[in-house]
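Beneath this line is the structure, given in structure tokens, with notes to follow.
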Amino acid sequence: MEHRGPFVVACLGGLLAGLDTSVNIAFPAITAAFAIDVSQIQWVVVSFVLTYSVLLLPAGRLADRIGHGRVTVIGITLQGFAFVACALAPSFPLFLLARVSQGGAMALILGAAPALVTLSVNEERQPRALGVYSMFSAVGLALGAPVGGMLLQIWDWPSVYFFRVPYMIILLGIALASGLHRRPSKITHQPLDLLGAATLAGGLGLTLFVASRGLTWGWATPRTATLGCVALIVLGVFCFVEKRAELPLLELSLFRRPGFGQANLLNALANASMFSLWFLGPYLLVDIRGHGSISGGLILGIAPTTTAGAAWVAGWLTNRLGLRALTRFGLASLGIGLIIFSRADAGTHLVVLVVALSLVGIGLGSFQVPNMSFVMASIPRSQQGVAGGMTQMVRTSGVVAGLAVWNTAFVGFRDRQARSLGLEDLSAPEIFVPTFAKVIGLAGLLALVGILLTVGVSFDNRFRPAPRDEK
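Numbering (the working numbering), first residue to last: 241 to 711.
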């Protein structure tokens, strides 16, 4: 390992991001505390994920310009304050505002973290290093739910934020001890593409916002159609600006590289499918099956635990089996696992849940490492911040888009089921279980459809290191 300090900070930063799943297991408690409808809980996710998804690429470019370590230190500091603000929020709107600030801070951390990983090792070891980074992220996911459940048994939902404040202090200490706050020896003085950043944030943010509100407003209403058109226009302006920028935020010519566009599409698709589990899984385990917060968190934690192991193994296998084989295997395992999990109800044996969640986790871990390796290697090493921001942006955009789709499908299937049974209690098991089966089943089918997108696609089947620079 050439630069162990930055690599450790990056991995711990990835683990930090995964710990936010402690909030997911607290969804029922947050819903009750603020007296909101289940459908409104999506804003806890959207406010956070939408914010950092639109800022990831600008954060990566900023890190390339002023130093990946310096951006990481700033993000860690701001994140600590954001956790306190979330925990102390007296109302749901202020809680969402604090989540927005948390998302901005997370964008700085995650926008720089993959670059810290790839630039800390030689090119040939990048897949293994990214495998370790993905493993830490998955460990965070695995720890988040059970730790959150344990804290909810002791205290109320603010504890899922307070417990991360000491972690931030320790992480900041490691970052400072590693010298990440120092000015890098090589720094570019080229101007930031502010217009590109603004149009990307506006276009992508508005697109995801419309996707998340389409159900409430109605997909065919003038407001939805108008804002959707505005979002497309702003994204068109972004493309126009990038083609003419001296140093664009994103080189659009990358999408002409064989497999680059498909790799990013698959990244969004896989994470959209996966998030159906985090969105509806807690309600099945806690409300339908009667598991407590701790046991429910431990059961959900099976998926990210197996993701961690699969990511570590995939880091070693990427150079041996090739990108395409691991990608297909990962999507197949993810899809099959979700379909099995979709059949779960109050009487399903725990072994079936363990098998299903293990398949889901193995699939995601096997998919993420070759996918990230391919995208990171497509962009010069001098722009690894942009590369890392790109992978994280696409991943989180898939999460937000998936949440909007699954929430829309859930409400639609739920209302139809309620009308057919003549029931008014929308939370009744007779309504929830069939609705859950349809939504999670669709998510599984979506992952399997992703395999078809790899047919005929000329991915570089063997990992090729990123070019040193582009003139």
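All C-beta atoms in this analysis are idealised placements derived from N, C-alpha and C, irrespective of residue type, glycine included.
Asked                                                                                                                                                                     : Found
For I276, which residues of its own chain have a beta-carbon under 7 Å away from its beta-carbon, when the five flanking residues on both sides are left out?             : F332
Is the separation between the beta-carbon of V324 and that of L643 shorter than 8 Å?                                                                                      : no
So, at 6 Å on beta carbons, what are the nonlocal neighbours of M616 in its own chain, with the 5 sequence-adjacent residues on each side left out?                       : T358 and A627
Rounded to a whole number of angstroms, what is the C-alpha to C-alpha distance between F247 and A353?                                                                    : 8 Å
In this structure, does DSSP put A460 in helix, strand or coil?                                                                                                           : coil
Three Cβ pairs or more, each shorter than 8 Å: is that satisfied between the stretch 367-386 and the stretch 287-301?                                                     : no
Are the beta-carbon atoms of G549 and G605 separated by less than 8 Å?                                                                                                    : yes
Could you tell me the distance, in whole angstroms, from the CA atom of Q366 to the CA atom of S667?                                                                      : 47 Å
Have a look at S262, L370 and F480 and flag the residue whose alpha-carbon is nearest the alpha-carbon of P398.                                                           : S262
Nearest-angstrom Cα distance between A641 and S452?                                                                                                                       : 7 Å
Are there 16 or more other CB atoms within 10 angstroms of the CB of P406, so buried, or fewer, so exposed?                                                               : exposed
Does the count of Cβ pairs from the stretch 385-393 and the stretch 531-547 closer than 8 Å reach three?                                                                  : yes
Taking C-alpha atoms, which residue in Q319, V594 and M633 lies nearest to S535?                                                                                          : V594
Going by DSSP in three states, N362 sits in which element: helix, strand or coil?                                                                                         : coil
Where does A543 sit, in a helix, a strand or coil, going by DSSP?                                                                                                         : helix
Within its chain, find whatever has a CB closer than 7 Å to the CB of Q682; leave out the 5 residues flanking it on each side and keep chain order.                       : The residue you asked about is not Gln; residue 682 is Leu in the sequence shown. Here the set comprises A649.
How many Å lie between V679 and A269 at the Cα?                                                                                                                           : 23 Å
Drop a sphere of 10 angstroms on the beta-carbon of A503, count the other beta-carbons inside from all chains shown, and report buried for 16 or more, exposed for fewer. : buried
Which two residues bound the contiguous alpha helix (DSSP H) that contains H308?                                                                                          : H308 to L328
Pull up the distance between the alpha-carbon of T461 and that of R422, whole angstroms please.                                                                           : 52 Å
Going by Cα to Cα distance, which pick from L686, T466, R244 and P522 is closest to G638?                                                                                 : L686
Helix, strand or coil: which one does DSSP assign to E491?                                                                                                                : coil
Quick check: the Cα distance between G499 and L693, rounded to an integer number of angstroms?                                                                            : 10 Å
Reducing DSSP to helix, strand and coil, say where L291 ends up.                                                                                                          : Strictly speaking, residue 291 in this sequence is Thr, with Leu absent from that position. Reduced to three states, the DSSP call for T291 is helix.
Taking Cβ positions, are A551 and Q624 nearer each other than 8 Å?                                                                                                        : no
Going straight from the alpha carbon of L334 to that of C326, what length do you get?                                                                                     : 8 Å
For Y523 and A329, what's the separation of their Cα atoms in angstroms?                                                                                                  : 24 Å
In or out: I579 buried (at least 16 other Cβ within 10 Å) or exposed?                                                                                                     : buried
Around the C-beta of D260, are 16 or more other C-beta atoms found within 10 angstroms, so that it is buried, or is it exposed?                                           : buried
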